[in-house]
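> Structure below; questions to follow.
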Amino acid sequence: MAEANVLDKGYVRMLEFMGGDAGVLLAARVSFAQGLKTEAKDKKLIFYLLQHNHMTPFEHAVFKFHVKCPIFVMRQWIRHRMASYNEWSLRYSETPEEFYVPAEMRIQDTKNKQGSLEAAGKLDQKAALAQYKDAIELSFKTYRSFIDQGVAREMARMVLPTALYTQFYWTINARSLMNFILLRAEAHAQWETQVYAQAIAAMFKEKMPWTWEAFLRFVWKGGNPILDAEKSQLIDVK
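Per our numbering, the sequence shown starts with residue 127, numbered consecutively.
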């Protein structure tokens with residue numbers, strides 16, 4: 127099982143995998159009642175499919191992940207609807223005191239209304255982080271007090287902030303996974319979401335190396351230093 131630790135307390139675990147590059151090729155060639163051929167021909171076909179936006183064969187490679195992330199990351203994640211989700215429920219169970227605490231606060235981006243920038247000395251980081259932690263600790267103290275009083279779990283949870291960690295199972299095909307990476311590893315995504323997308327991209331690359339290379343060549347538009355550097359090292363193909 128592939129696993130990557132993300133942020134301070136989160137992770138991505140790949141639980142199951144089906145199909146891979148071979149599954150894509152078999153799905154693409156079934157129209158002609160043909161199967162796998164030589165490595166050169168097979169890789170060339172993967173490249174052709176992505177370059178010319180023939181995407182349905184990539185739906186025959188499937189990944190299942192177990193993800194632990196802050197709720198605010200999950201809220202961005204579930205906008206990707208072409209996948210299956212099952213999330214941990216605080217109606218059924220009580221939460222431990224697990225909240226995301228950033229290393230530092232960022233300031234508002236003046237050009238990108240939904241984005242942020244490094245503070246670069248413009249914030250009192252010590253004071254801001256102390257205030258952040260105080261608010262989280264108060265929310266959890268109130269939550270525990272409600273639970274101890276007998277307040278229903280489904281109501282006690284309402285005082286908890288979106289910095290609380292949640293967990294979910296996520297099953298997705300390679301076509302939709304590439305779209306997730308394209309949008310969530312890119313610089314306009316929130317940084318905390320980007321690092322999850324990067325962890326998933328590394329697992330995708332390991333399981334489907336030809337599709338990953340074709341993705342970088344023909345789909346990835348830039349905006350992540352790790353992926354951009356990898357793309358720049360690719361050798362041109364005719």
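Each residue gets a CB set at the ideal place from its N, CA and C atoms; glycine is no exception.
Report the partner residues of Lys-190 according to the DSSP bridge assignment.
Paired residue(s): Glu-142, Thr-297.
> Tell me, please, which residues DSSP counts as bridged to Ser-210.
Its beta-bridge partners are Thr-297.
> If I measure Cβ to Cβ from Met-208 and keep anything under 7 Å in the same chain, skipping five residues before and after, which residues do I get?
Correct list, in chain order: Ser-302.
> Bridge partners of Glu-129, per DSSP?
BP columns for Glu-129 point to Arg-139.
> Is the beta carbon of Ala-289 closer than 9 Å to that of Phe-198?
Yes; because the gap between Cβ atoms is below 9 Å, this pair is in contact.
> Measure the alpha-carbon distance for Gln-251 versus Gly-145 and round it to whole angstroms.
In a straight line, the C-alpha of Gln-251 is about 47 Å away from that of Gly-145.
> When we look at the beta-carbon of Glu-165 and count the other beta-carbons within 10 Å, is it buried (16 or more) or exposed?
Classification for Glu-165: exposed.
> Tell whether a beta-carbon distance below 9 Å holds between Gly-241 and Gln-160.
Going by C-beta atoms, Gly-241 is not nearer than 9 Å to Gln-160.
> What first and last residue would you give for the alpha helix (DSSP H) that runs through Ile-262?
First-last of the alpha helix (DSSP H) with Ile-262: 251–275.
> Apart from the five residues on each side of it in sequence, which residues of its chain come closer than 6 Å, Cβ to Cβ, to Asp-354?
Cβ within range, chain order: Gly-348.
> So, do the segment 273–282 and the segment 200–218 have three or more beta carbon pairs nearer to each other than 8 Å?
Enough Cβ pairs lie closer than 8 Å, so yes.
> When burial is assigned at 16 or more other CB atoms within 10 Å of the CB, is Ile-361 buried or exposed?
By the 10 Å Cβ count, Ile-361 comes out exposed.
> Between Ala-187 and Ala-300, how many whole angstroms is the CB-CB distance? I'm expecting something under 8 Å.
Indeed, because the Cβ distance is near 4 Å, the residues count as touching under 8 Å.
> Report, in whole angstroms, the separation of the C-beta atoms of Thr-365 and Ile-172, which I expect to be a contact under 8 Å.
Look at the range of the chain in this structure, 127 to 364, and you will see that residue 365 is not part of it.
> Phe-344 and Leu-151 - do their beta-carbons sit closer together than 9 Å?
Result no, Cβ atoms of Leu-151 and Phe-344 do not sit closer than 9 Å.
> Bridge partners of Leu-290, per DSSP?
In the DSSP output, where bridge partners are listed per residue, Leu-290 has Phe-225.
> Candidates Leu-141, Glu-223, Val-132, Pro-183: which alpha carbon is nearest Ser-157's?
Cα-wise, what sits closest to Ser-157 is Pro-183.
> Does the Cβ-Cβ distance between Cys-195 and Val-132 come in under 9 Å?
It is a contact, given that the beta carbons lie within the stated cut-off.
> In angstroms, rounded to a whole number, what distance separates the CA positions of Pro-222 and Met-329?
Distance between the alpha carbons of Pro-222 and Met-329: 29 Å.
> In terms of residue numbering, what span does the beta strand (DSSP E) encompassing Ser-358 cover?
First-last for Ser-358: 351–358, but that is the alpha helix (DSSP H), not the beta strand (DSSP E).
> By how many angstroms is the C-alpha of Gly-136 removed from the C-alpha of Arg-270?
For Arg-270 and Gly-136, the distance between alpha carbons rounds to 22 Å.
> Let me know the secondary structure DSSP gives Leu-342 once reduced to three states.
Helix, per DSSP.
> Taking the alpha-carbon positions, what's the Ala-246 to Ala-148 distance?
Going by the C-alpha atoms only, they are around 48 Å apart.
> Roughly how many angstroms separate the alpha carbons of Phe-189 and Phe-272, rounded to a whole number?
About 39 Å.
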